[in-house]
Amino acid sequence: MQKISVRAHAKINLYLNVVGKREDGYHNLETVFHSIGLHDDVIIRKQETKEITVHCEHPGVPSDASNLAYRAAERLSDAVGGIGGVSIEIKKRIPVAAGLAGGSANAAAVLHGVNELFCLGFTQEVLMRFGAELGADVPFCLHGGAAFGTGIGDQLTRLPALSDLPLLLLNPGIEISTAAVFNKLNFSLTKRENAGIIIRTHVEKGDVLGVSESLYNFLEVPVFAQYPEIAALKTELSTQAGCSGALMSGSGATLFAVMHNSKSARRSESHFKDRVSFCTTTVTSPVGVYIKD
Ligand code: ATP
Numbered sequence: 231m232q233k234i235s236v237r238a239h240a241k242i243n244l245y246l247n248v249v250g251k252r253e254d255g256y257h258n259l260e261t262v263f264h265s266i267g268l269h270d271d272v273i274i275r276k277q278e279t280k281e282i283t284v285h286c287e288h289p290g291v292p293s294d295a296s297n298l299a300y301r302a303a304e305r306l307s308d309a310v311g312g313i314g315g316v317s318i319e320i321k322k323r324i325p326v327a328a329g330l331a332g333g334s335a336n337a338a339a340v341l342h343g344v345n346e347l348f349c350l351g352f353t354q355e356v357l358m359r360f361g362a363e364l365g366a367d368v369p370f371c372l373h374g375g376a377a378f379g380t381g382i383g384d385q386l387t388r389l390p391a392l393s394d395l396p397l398l399l400l401n402p403g404i405e406i407s408t409a410a411v412f413n414k415l416n417f418s419l420t421k422r423e424n425a426g427i428i429i430r431t432h433v434e435k436g437d438v439l440g441v442s443e444s445l446y447n448f449l450e451v452p453v454f455a456q457y458p459e460i461a462a463l464k465t466e467l468s469t470q471a472g473c474s475g476a477l478m479s480g481s482g483a484t485l486f487a488v489m490h491n492s493k494s495a496r497r498s499e500s501h502f503k504d505r506v507s508f509c510t511t512t513v514t515s516p517v518g519v520y521i522k523d
């Protein structure tokens with residue numbers, strides 16, 4: 231086999247609370263992740279030269295060693311003392327720096343795809359450990375489906391995936407640095423002790439209404455303070471016919487809405503699509519990375 235194509239699925243956070251700052255500068259979180267149908271395609275090929283190369287047409291995605299996909303291939307190569315040349319082509323659909331873990335999903339796809347293409351034989355557990363070295367969201371992107379995350383988001387407990395839940399995603403075209411958002415947090419506001427357990431129970435029961443009513447993201451506070459237009463967009467999204475709940479994903483700026491059905495999702499998509507830089511309907515996905523061929 232010379233080539234493998236992997237779907238790298240984006241994630242949303244149905245719940246995200248920051249429970250404290252650690253001595254290493256990172257923050258401890260409680261979060262409920264869910265994979266969604268929106269995905270990049272990552273095509274990995276063996277190549278004659280010994281280098282790792284990355285190609286992506288999106289102007290916001292680096293093609294050098296700072297690309298998370300590059301670093302994932304390099305991590306596996308280092309682990310086995312060299313794998314030879316690899317070319318990585320990324321067909322980007324997931325908006326960049328948007329709270330949807332696009333870079334992390336690409337890294338997860340490379341860990342999974344390179345492991346298969348070069349028959350390296352690493353277990354999922356070891357791949358997730360390598361992933362955690364690259365970024366907090368990479369383990370979840372490998373895990374996929376639904377999970378409750380603690381630590382920096384890398385300690386995962388599997389939850390049953392919500393099946394084909396209709397979603398609408400909106401991004402107003404504001405790229406947000408995750409680090410900048412975390413630096414602005416005010417911990418006197420974090421008082422949501424039981425909320426994580428409540429939404430987790432709703433997901434376990436497959437109670438969509440309960441999930442929709444318990445959506446919460448503490449990072450909305452600093453992001454909405456800096457960008458009131460995102461807060462206004464969320465209010466408008468929440469009041470769409472057929473919307474049972476709306477939230478910002480991760481550190482933003484992407485907003486998502488849980489919709490009653492695909493028809494109401496498409497109707498709201500038409501309402502917003504000419505006014506925002508990114509707007510799409512999708513559904514929850516049971517997988518994070520998926521080998522196409
Ligand atoms: P997270 O929620 O995990 O912080 P995000 O969805 O907010 O992720 P990404 O799309 O992963 O953000 O992009 C964050 C930054 O990472 C971008 O500014 C980009 O320059 C850099 N980056 C590195 N590799 C990639 C990649 N493969 N795809 C997208 N961005 C990448």
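For the sequence shown, the working numbering assigns the number 231 to the initial residue and increments by one for each residue that follows. Just so it is clear, CB atoms sit at the ideal spot from N, CA and C, and this is done for glycine as well. Note that this is a predicted model, so its numbers are computed, not measured.
Is there contact between the stretch 424-443 and the stretch 238-248, where contact requires at least three CB pairs shorter than 8 Å?
In short, these stretches touch, since the Cβ pair count reaches three.
Less than 8 Å between C-beta atoms, sequence neighbours within five positions excluded: which residues of the same chain meet that for I460?
Indexing the sequence shown from 1 puts residue 460 at position 230. Excluding positions up to five away in sequence, the list reads P402, I404, V453, F454, M478, G482, A483, L485.
Identity of the residues DSSP links to D271 by a beta bridge:
Sequence index remark: in the sequence shown, residue 271 carries index 41 (1-based). Beta-bridge pairing links D271 to R237, K321.
At the level of alpha carbons, what is the spacing between V356 and L306?
If you number the sequence shown from 1, residue 356 lands on position 126. If you number the sequence shown from 1, residue 306 lands on position 76. The alpha-carbon of V356 is positioned some 10 Å away from that of L306.
State the DSSP-derived secondary structure class of G231, mapped to helix, strand or coil.
The residue you call residue 231 lines up with position 1 of the sequence shown. Note that residue 231 is Met in the sequence shown here, rather than Gly. The answer is coil: DSSP assigns M231 none of H, G, I, E or B.
Please name the residue in E287, D271, A331, L398 whose C-alpha comes closest to that of G343.
Taking the first residue of the sequence shown as 1, we reach residue 343 at position 113. Of the listed residues, the one whose Cα sits closest to G343 is D271.
How big is the Cα-Cα spacing for L350 and I521?
Looking up residue 350 in the sequence shown gives position 120. Looking up residue 521 in the sequence shown gives position 291. The straight-line gap separating the alpha-carbon atoms of L350 and I521 is approximately 16 Å.
Can you list, in chain order, the residues of its chain with a C-beta nearer than 6 Å to that of N416? Leave out the 5 residues immediately preceding and following it.
For the purposes of this step, residue 416 is taken as the residue at position 186 of the sequence shown. Cβ neighbours of N416 beyond the five flanking positions: none.
Hey, could you find the ends of the beta strand (DSSP E) S481 is sitting in?
Taking the sequence shown and counting its residues from 1, one reaches residue 481 at position 251. Annotation: S481 is outside any beta strand (DSSP E) and is labelled neither H nor E by DSSP.
In terms of residue numbering, what span does the beta strand (DSSP E) encompassing L400 cover?
In the sequence shown, counting from the first residue as 1, residue 400 sits at position 170. Residues 396-401.
How long is the line joining the alpha carbons of M358 and D308, rounded to whole angstroms?
Locating residue 358 in the sequence shown gives position 128, where the first residue counts as 1. Locating residue 308 in the sequence shown gives position 78, where the first residue counts as 1. Across the structure, M358 and D308 are spaced so that their CA atoms are roughly 16 Å apart.
Terminal residues of the beta strand (DSSP E) in which A376 lies
What you label residue 376 is simply residue 146 of the sequence shown in a count that begins at 1. Run containing A376: 376-380, per the beta strand (DSSP E) assignment.
Of the residues G333, I313, F263, G381, the one placed nearest G250, counting alpha carbons only
Locating residue 250 in the sequence shown gives position 20, counting from the first residue. The shortest C-alpha separation from G250 is found at G381.
Length at least 3, wholly inside the stretch 406-458: the beta strand (DSSP E) runs in chain order:
You should have found no qualifying run.
Just confirm the distance between the C-beta atoms of S296 and H285, as a whole number of angstroms; I'd bet it's less than 8 Å.
Here residue 296 refers to the residue found at position 66 when the sequence shown is read from its first residue. Here residue 285 refers to the residue found at position 55 when the sequence shown is read from its first residue. The beta carbons of S296 and H285 sit about 14 Å from each other, so the pair does not count as a contact at 8 Å.
Under a three-way DSSP split, which group does K503 fall into?
Position 273 of the sequence shown holds residue 503. In this structure, DSSP gives K503 a state outside helix and strand, which the three-state scheme calls coil.
Tell whether a beta-carbon distance below 8 Å holds between I234 and I274.
Here residue 234 corresponds to residue number 4 of the sequence shown, with the count starting at 1. Here residue 274 corresponds to residue number 44 of the sequence shown, with the count starting at 1. In this structure, I234 places its C-beta atom within 8 Å of the C-beta atom of I274.
According to the Cβ coordinates, are A331 and A240 closer than 8 Å?
Within the sequence shown, the letter at position 101 stands for residue 331. Within the sequence shown, the letter at position 10 stands for residue 240. It is a contact, given that the beta carbons lie within the stated cut-off.
For L389, write down the residues that DSSP places opposite it in a beta bridge.
Position 159 of the sequence shown, counting from 1, holds the residue named residue 389. According to DSSP, residue pairing for L389 in a beta bridge involves A376.
S265, DSSP secondary structure in three states
Counted from its first residue, the sequence shown places residue 265 at position 35. Strand, per DSSP.
Give me the DSSP bridge partner(s) of F508.
Here residue 508 corresponds to residue number 278 of the sequence shown, with the count starting at 1. Beta-bridge partners assigned by DSSP to F508: N401.
Which residues DSSP lists as bridging Q277, in chain order:
The sequence position of residue 277 within the sequence shown is 47, counting from 1. DSSP lists G315 as partners of Q277.
Sort out for me which residues DSSP pairs M489 with in a bridge.
Residue numbering aside, residue 489 sits at position 259 when the sequence shown is read from its first letter. Checking the DSSP bridge columns, you'll see M489 partnered with C473.
Along the chain, where does the alpha helix (DSSP H) containing V284 start, and where does it finish?
Locating residue 284 in the sequence shown gives position 54, counting from the first residue. Per DSSP, V284 belongs to no alpha helix (DSSP H); it is in the beta strand (DSSP E), 282-286.
For ligand 1, any of its heavy atoms closer than 7 Å to the Cβ of G311?
Residue 311 sits at position 81 when you count from the first residue of the sequence shown. Incorrect: G311 has no Cβ contact closer than 7 Å to ligand 1.
Between D394 and the rest of its own chain, which residues show a CB-CB distance below 6 Å, the 5 nearest in sequence each way excluded?
Within the sequence shown, the letter at position 164 stands for residue 394. The answer, listed in chain order, is V513.
Using CA coordinates, which residue listed in I313, R301, A327 is at the minimum distance from H288?
Here residue 288 is taken as the residue at index 58 of the sequence shown, counted from 1. Cα-wise, what sits closest to H288 is A327.
Spatial neighbours of L268 within its chain, please: CB distance less than 8 Å, with the 5 preceding and 5 following residues excluded, ordered by chain position.
Taking the sequence shown and counting its residues from 1, one reaches residue 268 at position 38. H239, A240, R323, I324, L330, L399, T510, T512.
Give me the Cα-Cα distance between G434 and Q277, rounded to the nearest whole angstrom.
The count along the sequence shown starts at 1 and reaches residue 434 at position 204. The count along the sequence shown starts at 1 and reaches residue 277 at position 47. Per the sequence presented here, residue 434 reads as Glu, with Gly not at that position. Each residue's CA atom was taken as its position, placing E434 and Q277 some 44 Å apart.
Should D367 be listed as close to ligand 1, given that the test is whether its C-beta is under 7 Å from any heavy atom?
On the sequence shown, residue 367 is found 137 positions in, with the first residue counted as 1. In this structure, ligand 1 has a non-hydrogen atom nearer than 7 Å to the beta-carbon of D367.
In whole angstroms, what separates the C-alpha of V291 from that of G365?
Position 61 of the sequence shown holds residue 291. Position 135 of the sequence shown holds residue 365. A straight-line Cα-Cα distance of about 16 Å links V291 and G365.
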